[in-house]
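Following this note's numbering, the numbering of the sequence shown begins with 188 at its first residue and continues without gaps.
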Amino acid sequence: MMQFMAKAGLAALLAAAALAGTVAPAAAQVNIIIGEPDRGPPPPDWRRPPPPPPGYGRPPRGGCDPRMAENIAEDYGLRRTRVVDVTPRRVIVQGWSRRGPDQMTFGNVRGCPLMRR
């Protein structure tokens, strides 16, 4: 009878320990909020387009320098380069390549990106 009581007591102790082990993590997940919960930013409205980036619609600062366009054209292999036209959108450089007269078109923005060769 004593062994039965010892085994029953040990089983009860193990059950209590297991129950305490499961209750403690569950208690750590309880959040108590008093007042209005912090909801964060509202979701984006799909009916309204996003605002334009800063500086949108203004003329670009620091357009393509014609001398820089000539230097880039020379790096691409054009010889005796000269700028023939500058518009708000592009800079046209003419010169000579191995095949004869040639022209390159650069965008009139900072860095002079090559538009057409």
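Just so you know, even glycine gets a beta-carbon here, dropped at the ideal spot from N, CA and C. All figures in this text were calculated on a predicted structure; none of them were measured in a lab.
Euclidean distance between Cα positions of residue i and residue j
i	j	result
residue 236	residue 202	60 Å
residue 231	residue 225	17 Å
residue 243	residue 290	31 Å
residue 265	residue 250	22 Å
residue 256	residue 281	10 Å
residue 285	residue 234	56 Å
residue 189	residue 200	16 Å
Cut-off 7 Å between Cβ atoms - residues of its own chain near residue i, not counting five sequence neighbours on either side
i	result
residue 253	270, 273 and 278
Neighbourhood of residue i by C-beta distance below 8 Å, restricted to the same chain and skipping five residues each side
i	result
residue 302	277, 292, 293 and 294
Residues that residue i bridges to, as DSSP identifies them
i	result
residue 222	According to DSSP, residue 222 bridges with nothing at all.
residue 293	278 and 301
residue 287	284
Cβ shell of residue i (< 6 Å), same chain only, five flanking positions each side left out
i	result
residue 304	291
residue 300	294
Whole-Å CB distance - residue i paired with residue j, under 8 Å assumed
i	j	result
residue 283	residue 297	No, residue 283 and residue 297 are not in contact; Cβ-Cβ is about 28 Å, not under 8 Å.
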